[in-house]
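Shown next, in structure tokens, is the structure this report addresses.
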Amino acid sequence: MIPLLLRNAGITGRIPVFEEKLDWIPVDIAAKSIVDLVITENRLSRVEVFHVSNPNSTITWKNYLDILEESAGMKFQRIELEQWLEKLEGGVTDGIYDEGNFMILNEYFKRYLNNTSTVRAMLDIVNTKSRTYILSKCPPLNEELVTLNIDWLRNTGNLSEIASPPTTTTEITSKKMTIS
């Protein structure tokens with residue numbers, strides 16, 4: 001979802017703001033935790049579910065955007081989620097970008113807005129932490145990890161442009177992208 005959101009920001013120069021804690025986990029730690037869970041000998045005879053997320057969630061979406069601007073050099077206009085959705089729908093209608101991929105964002109964030117709960121349910125990772133020590137050693141998401149993530153997004157073509165607010169509709173149209 002985040003690569004789509006950032007590519008949209010690269011096209012429009014706008015990114016939504018909302019309250020959300022990020023519990024992202026480095027992929028190497030997630031993988032080691034999953035392997036550890038799979039090979040553990042103390043399996044119960046019943047089916048178990050393990051959630052793998054960062055137990056040291058300390059960064060918010062707004063903090064993430066700050067890092068994108070300060071460390072990754074991105075420039076974009078932060079706008080409220082409702083306004084961003086309106087502009088997203090308008091951009092699809094005007095043919096600025098591919099309907100299929102960007103409508104994924106539209107549907108996701110409409111559901112987010114329609115959720116009447118003010119707090120997102122956090123994954124319960126107590127059971128997971130009790131079965132794998134690796135997850136307990138997961139570092140909190142910080143500027144260094146976010147910068148690594150941004151570098152990866154750029155290297156894989158998911159963040160090929162530095163977002164900056166467009167000055168005209170023509171400028172937006174000239175940036176039109178189809179994400180495959």
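Residue numbering for the sequence shown is 1 to 180, as defined by this note's numbering. Glycine included, C-beta positions come from ideal geometry on N, C-alpha and C. Remember, it's a predicted structure, so these values are computed and weren't measured experimentally.
Check                                                                                                                                                       : Outcome
Within 10 angstroms of its Cβ, does Ala31 collect 16 or more other Cβ (buried), or is it exposed?                                                           : exposed
For Lys129 and Ile59, what's the separation of their Cα atoms in angstroms?                                                                                 : 20 Å
From Val52 to Leu105, what distance separates their C-alpha atoms?                                                                                          : 24 Å
Can you give me the Cβ contacts of Thr156 inside the same chain, cut-off strictly under 7 Å, excluding the 5 residues immediately before and after it?      : none
Going along the chain, which unbroken runs of the beta strand (DSSP E) with 3 or more residues stay wholly within the region 13 to 80?                      : 14 to 17, 77 to 80
How long is the line joining the alpha carbons of Leu159 and Pro26, rounded to whole angstroms?                                                             : 19 Å
How many whole angstroms separate the CB atoms of Trp84 and Arg7, which I take to be in contact at a CB cut-off of 8 Å?                                     : Not quite, the Cβ-Cβ distance comes to about 14 Å (not below 8 Å), so this is no contact.
When DSSP labels each residue in this structure, what does Met1 get in the three-state scheme?                                                              : coil
If you draw a straight line from the alpha carbon of Arg131 to that of Val47, how long is it in whole angstroms?                                            : 14 Å
Around the C-beta of Ser71, are 16 or more other C-beta atoms found within 10 angstroms, so that it is buried, or is it exposed?                            : exposed
Tell me whether Val146 is buried or exposed, calling it buried when 16 or more other Cβ atoms sit within 10 Å of its Cβ.                                    : buried
Can Trp24 and Leu141 be called in contact, C-beta distance under 8 Å?                                                                                       : yes
Is it right to say Asn115 is buried, meaning 16 or more other beta carbons lie within 10 angstroms of its own, or is it exposed?                            : exposed
Using a Cβ-Cβ cutoff of less than 7 Å, which residues in the same chain neighbour Tyr64 once the five nearest sequence positions on both sides are dropped? : Leu22, Val146
Look at Cys138 and Ile29 and say whether their C-beta atoms are less than 8 Å apart.                                                                        : yes
Buried or exposed, going by whether 16 or more other CB atoms sit within 10 Å of the CB of Gly90?                                                           : exposed
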